[in-house]
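Novice:
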Ligand SMILES: [Zn+2]
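Structure below.
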C-alpha cells in the first residue's frame, strides 16, 4: 500500500503523463499530448520528419493516384529515413479490399513494408479495410516479430482473438468509431488493455482528449489510469526512444 504522501505523488505523476495519439495525419500539437505522425507524401518527398514521432510508409490508396516511378521514389526516401534512424515506425501501409483490382500490388507493397519492419525492428501501423483474413494469412506465412498496430480497427471479437493468437504483439487503435459505431463501442471492452491505443487519424474536428474520455467511460475506467496504461503500451513497443 502507498502511504498518503506517496499516493499523492503517484497520482500527480499519472496526471502528468501525456495523452498519446498513436496515429494521426494532422499536425496539431497539444501541450499535453504526444502524437505519432504518419508522414504525408510531401513530407516523404522532402524527407521531412515531424517534431515528435513519425511513421513512414506508403498508403495503399496512393497506388491509385501515383505512378510506379513516384512510388519507387517514395520507397527510396523511406529507406533513407530508416537508415538515418529518423522514424519511430513503419506505415501507414496495409490492405484495402475496396480496391480489389490493386490487391496484388497492395500485397507486394505490404510485404516490402513488413520486410523493413523486420530488418529495422520497428512497429507497423496498418490500414485494414475488410482484409482481416488476408492479414491472418500473411501472419501464418511471414511470422511477424515486431508490433502490428491496426489503426481504426473495424473487425469483430473473433478477428481480435484470431489475430492475437497468431501474433500476441498486435495492437488495436480506435478514434472516430467510438463516436459513430455502436459495434465498435461494444467491441472496446473485449480488447485487452495492454493491446489498446487511441488515435485521431485524419479527422479534422476530433480531439484526442475527447476520445480518451469516451473510451474511459465506455470501459468504466479512470481517465488517468487509461492514460498511464496507453503510455505504458507505447513505451513497451518503442524500440528506439527519440
Ligand atoms: Zn490514417
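Residue numbers (my numbering): 865 to 1106.
Quick reminder that beta carbons are idealized off the backbone N, C-alpha and C, glycines included.
Bear in mind that the values here come from a model prediction, so they are computed numbers and not experimental data.
Would residue 910 be called buried (16 or more neighbouring beta carbons within 10 Å of its own) or exposed?
Specialist: exposed
Novice: Contact check, residue 882 vs residue 915 under 8 Å by CB: the rounded distance?
Specialist: Their Cβ separation, rounded to whole angstroms, is 14 Å, which puts residue 882 and residue 915 out of contact at 8 Å.
Novice: With hydrogens ignored, establish whether the beta-carbon of residue 902 is closer than 8 Å to any heavy atom of ligand 1.
Specialist: yes
Novice: Out of curiosity, what's the CA-to-CA distance linking residue 865 and residue 1088?
Specialist: Bear in mind that a pLDDT of 49 at residue 865, under 50, signals an unreliable position, so the model cannot answer this.
Novice: So, under 8 Å CB-CB, residue 1003 and residue 977 are touching, yes? Tell me the CB distance rounded to an integer number of Å.
Specialist: Not really, about 14 Å apart at Cβ, beyond 8 Å.
Novice: In the structure shown, what three-state DSSP assignment does residue 1095 receive?
Specialist: helix
Novice: Am I right that residue 908 and residue 886 are in contact with their C-beta atoms under 8 Å? What's the rounded C-beta distance?
Specialist: Not quite, the Cβ-Cβ distance comes to about 19 Å (not below 8 Å), so this is no contact.
Novice: So does residue 956 have its beta carbon nearer than 8 Å to some heavy atom of ligand 1?
Specialist: Correct: residue 956 has its Cβ closer than 8 Å to ligand 1.
Novice: What is the rounded straight-line gap between the Cα of residue 1018 and the Cα of residue 947?
Specialist: Residue 1018 and residue 947: Cα-Cα distance of roughly 33 Å.
Novice: Let's test the definition: count the other Cβ atoms within 10 Å of the Cβ of residue 1099 and tell me whether it reaches 16, buried, or not, exposed.
Specialist: exposed
Novice: Tell me the DSSP bridge mates of residue 920?
Specialist: In DSSP, residue 920 forms a bridge with 954.
Novice: Using 9 Å as the threshold, is the C-beta distance between residue 913 and residue 951 below it?
Specialist: Judged by their CB atoms, residue 913 and residue 951 are nearer to each other than the 9 Å cut-off.
Novice: Keeping to the same chain, check which residues put their C-beta closer than 8 Å to that of residue 897; ignore five residues upstream and five downstream.
Specialist: For residue 897, where only same-chain residues beyond five positions count, the Cβ hits under 8 Å are 882, 883, 884, 885, 1072 and 1073.
Novice: Among 1007, 1055 and 1060, which has the Cα closest to the Cα of residue 1095?
Specialist: 1060
Novice: Below 8 Å, can you find three or more Cβ-Cβ pairs linking the region 1075-1083 to the region 1035-1045?
Specialist: yes
Novice: In chain order, what residues of the same chain have a beta carbon less than 8 Å from the beta carbon of residue 1082, not counting five sequence neighbours either side?
Specialist: 1042, 1049, 1052 and 1053
Novice: Identify whether residue 1048 lies in helix, strand or coil by the three-state DSSP scheme.
Specialist: Residue 1048 carries a helical assignment under DSSP once its states are collapsed to helix, strand and coil.
Novice: So for residue 1017, helix, strand or coil by DSSP?
Specialist: coil
Novice: What three-state label does DSSP hand residue 1012 in the structure shown?
Specialist: Three-state result, residue 1012: strand.
Novice: Three-state secondary structure (DSSP) at residue 1100?
Specialist: helix
Novice: When the Cα atoms are used, what is the spatial distance from residue 1080 to residue 1062?
Specialist: 11 Å
Novice: Indicate, with yes or no, if ligand 2 has a heavy atom lying under 8 Å from the CB of residue 960.
Specialist: This structure lacks ligand 2; its bound ligands are ligand 1.
Novice: Okay, do the region 917-925 and the region 984-999 touch, 3+ Cβ pairs below 8 Å being the bar?
Specialist: yes
Novice: Among the residues of its own chain, which have a CB less than 7 Å from the CB of residue 1024, if the five just before and after it don't count?
Specialist: 1036, 1054 and 1055
Novice: Go to residue 894, then tell me how far its beta strand (DSSP E) extends in each direction, as first and last residue.
Specialist: Per DSSP, residue 894 belongs to no beta strand (DSSP E) and is neither H nor E.
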